[in-house]
Amino acid sequence: MASTSVETPNGAAAISRRNRSEPSDATTTTTTTTTTTSISTSTTSTDKHGRTTPRKYRHVAAVHSKTRPSCLSHDSQTSPSFLGFRNLMVIVLVVGNLRLMIENIQKARLIPPCITNSTLLSPLRCSLTLPQYGVLICIRCHDYKRQDIIIGALLYFLIPCHLFAAYLIELAAAKQAVGSRRRIKDHRTGPSEADRKAFKRTWVLVAWAHGINITLALAITTLVVYSSIFHPLIGTLTQMHAVVVWLKTASYAFTNRDLRHAYLHPVKGEDVPELYATCPYPQNITIGNLVYFWWAPTLVYQPVYPRTESIRWLFVLKRLGEVFCLSVFIWVATAQYATPVLVNSLDKVASLDIPSILERLMKLSTISLVIWLAGFFALFQSFLNALAEILRFGDRSFYDDWWNSESLGAYWRTWNKPVYTYFKRHIYMPMVGRGWSQSAASFSVFFMSAILHEILVGVPTHNIIGVAFLGMLLQLPLIAITAPLEKMKMGHGGKVIGNAIFWVSFTIFGQPFAALMYFYAWQAKYGSVSKSMAKL
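Its first residue numbered 12, the sequence shown is counted upward by one per residue in this note's numbering.
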């Protein structure tokens, strides 16, 4: 077969050379097809010496060689990554907030005299001067009373006394349990009728003592905060401390009751966890054991917790530094950006201007979300990890990836795991174990959570208006609506819809609305709204 490699282009010459050395027509066809494909997909060729040379026919490559769907089509074989869109959303969020900051700085215009000469001006004059320059941040311009600090400090030291009262109750119960067990072993026939009555009487007294102590632990602080602490922040911190100690005290009582019952009347197949073997009941009823639980970053009492081997002090310093920086950021963002939006919304709420209220809510949603995320990171990632490191507390699963929640139920199970595990252990599972339905147990959990939310928000603001209470109860129908979306057999569509519903309800119709309602109620009772109403 003749070759025309001198007269033909490089590509044809390559084909001709290959054709001259092929043994059969079939092989020739295969080689030609392979070469043609190579021409179609590449603009270079390789000669027999391994050198790469440019091809001559560069405009005939077959760029459309197979059927392919669009990247975002449902029939696409691969799911595209949306990492770029996530980066875009972050950029939009940052740029939007930077615009608000620049606008805020432009309104400030000049540095007010109370900053350059802060030592010469009183806090009252400084608070009157700052807003004229658009600057709302001032350390000396506080509006809390000395009485608030004194009462808050007293309550801080008195609230844990209820936890130690629970210890004294359990100490007496443990002594009674040890005596009862000794008498049971001494009498092979079992305890006498008198012993049974005495044991039952003591059991009832212990239950009543714990009930009264637990009730007073929350009731006293709630009444004092509502009647005597004016500043909402001081009241909120005090009330939160009381709720945490109240939950810990109840867990201490419930857990030791079951441990005491297992100590006296062990049930086959229901042994206590093996983890507790190093500190069995009643050896756990000690001051040291109680103090560790008091400070441990958990609400659930256990005689023994998993522990780490050592303390990483550099890790602690980093986490505490994060807490400090984020606290300053939250303070600045609240005073300089969130508060003006709330103040400018008062007249809209008073006149029930629905479109303007919605506009205010959407404007407030951005800064409130940023503040909430900063608070979440400061508490759950930084502070609790620092506290856990100091105490060598091993289980630090304080949260999961709640931001990917595909339903409201998934969010409540993952964002605050200390509270979730507490209610599951002490309310949900005991009710289900006693024959209650899961729906009834879930309602009880959210009903209790709704009461605590109203106590944490309504009591410090002196406005028990039920917004936080209803907000928690309304989570139940939203959970029922979004739960099927997790299990929908439509790819990621249902999960995306569920996650979108979660974010919309959380960022617009959740926190911003509650913040606006309680701020308006506060102003209607003590602030500018009440003064304007008094003039009318």
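Think of the CB as a built atom: it goes at the ideal place given N, C-alpha and C, for glycine as much as any other residue. Since this is a predicted model, take the numbers as computed values, not measurements.
DSSP-derived helix/strand/coil call for residue i
{"i": "residue 110", "result": "helix"}
{"i": "residue 121", "result": "Confidence is the limiting factor: at residue 121 the pLDDT is only 40, short of 50, which leaves the residue's position unreliable, though a coordinate-based value still follows. Residue state, collapsed to three classes: coil."}
{"i": "residue 168", "result": "helix"}
{"i": "residue 265", "result": "helix"}
{"i": "residue 457", "result": "helix"}
{"i": "residue 96", "result": "helix"}
{"i": "residue 404", "result": "strand"}
{"i": "residue 312", "result": "coil"}
{"i": "residue 51", "result": "In this predicted model, residue 51 has a pLDDT of only 43, less than 50, meaning its place in the structure is not dependable; the value taken from the coordinates is given anyway. Three-state result, residue 51: helix."}
{"i": "residue 538", "result": "coil"}
{"i": "residue 297", "result": "coil"}
{"i": "residue 224", "result": "helix"}
{"i": "residue 159", "result": "helix"}
{"i": "residue 88", "result": "coil"}
{"i": "residue 74", "result": "coil"}
{"i": "residue 436", "result": "helix"}
{"i": "residue 415", "result": "helix"}
{"i": "residue 446", "result": "coil"}
{"i": "residue 420", "result": "helix"}
{"i": "residue 279", "result": "coil"}
{"i": "residue 83", "result": "coil"}
{"i": "residue 242", "result": "coil"}
{"i": "residue 429", "result": "helix"}
{"i": "residue 184", "result": "helix"}
{"i": "residue 307", "result": "coil"}
{"i": "residue 441", "result": "helix"}
{"i": "residue 292", "result": "coil"}
Close Cβ partners of residue i (< 7 Å) along its chain, the five nearest in sequence each way excluded
{"i": "residue 386", "result": "341"}
{"i": "residue 407", "result": "396 and 399"}
{"i": "residue 326", "result": "400"}
{"i": "residue 441", "result": "none"}
{"i": "residue 256", "result": "170, 171, 173, 174 and 228"}
{"i": "residue 317", "result": "405 and 406"}
{"i": "residue 221", "result": "177, 180 and 264"}
{"i": "residue 447", "result": "none"}
{"i": "residue 379", "result": "349, 522, 523 and 526"}
{"i": "residue 474", "result": "529, 532, 533 and 536"}
{"i": "residue 236", "result": "246, 249, 250, 470 and 471"}
Reference residue i, options the options, closest by Cα
{"i": "residue 319", "options": "403, 180 and 389", "result": "403"}
{"i": "residue 434", "options": "471, 456 and 427", "result": "456"}
{"i": "residue 430", "options": "247, 285, 254 and 156", "result": "254"}
{"i": "residue 308", "options": "271, 405, 383 and 212", "result": "405"}
{"i": "residue 295", "options": "209, 179 and 72", "result": "179"}
{"i": "residue 509", "options": "524, 531, 490 and 311", "result": "490"}
{"i": "residue 506", "options": "420, 332 and 112", "result": "420"}
{"i": "residue 338", "options": "298, 388 and 365", "result": "388"}
{"i": "residue 373", "options": "532, 520, 270 and 97", "result": "520"}
{"i": "residue 471", "options": "73, 533, 323 and 106", "result": "533"}
{"i": "residue 425", "options": "344, 411 and 212", "result": "411"}
{"i": "residue 461", "options": "444, 475 and 481", "result": "481"}
{"i": "residue 188", "options": "213, 177 and 208", "result": "213"}
{"i": "residue 259", "options": "310, 344 and 443", "result": "310"}
{"i": "residue 432", "options": "313, 272 and 334", "result": "313"}
{"i": "residue 159", "options": "274, 238, 436 and 368", "result": "238"}
{"i": "residue 108", "options": "231, 468, 422 and 376", "result": "376"}
Own chain residues within Cβ distance below 6 Å of residue i, not counting five before or after
{"i": "residue 330", "result": "393, 396 and 397"}
{"i": "residue 293", "result": "185"}
{"i": "residue 464", "result": "479 and 483"}
{"i": "residue 210", "result": "191"}
{"i": "residue 91", "result": "82"}
{"i": "residue 181", "result": "267 and 296"}
{"i": "residue 301", "result": "178"}
8 Å Cβ shell around residue i - same chain, five flanking residues per side excluded
{"i": "residue 94", "result": "none"}
{"i": "residue 1", "result": "The chain is shown from 12 up to 547; residue 1 falls before or after that span and cannot be answered."}
{"i": "residue 248", "result": "163"}
{"i": "residue 487", "result": "453, 454 and 457"}
{"i": "residue 155", "result": "241, 242, 244 and 245"}
{"i": "residue 466", "result": "229, 233, 250 and 254"}
Q: Could you pull out every unbroken alpha helix (DSSP H) segment of at least 4 residues lying fully inside the segment 319-401, listed in chain order?
A: 324-344, 350-354, 357-361 and 365-387
Q. Where in the segment 463-534 do unbroken runs of the alpha helix (DSSP H), each at least 4 residues long, occur, reported from the N-terminal end onward?
A. 478-484, 486-497 and 504-518
Q: Answer yes if the segment 413-433 comes into contact with the segment 510-529, meaning at least three C-beta pairs across the two stretches below 8 Å, and no otherwise.
A: yes
(Q) Count Cβ pairs between the segment 521-533 and the segment 352-360 that sit closer than 8 Å; are there 3 or more? (A) yes
Q. Touch check for the segment 285-292 and the segment 163-179: three-plus C-beta pairs under 8 Å?
A. no
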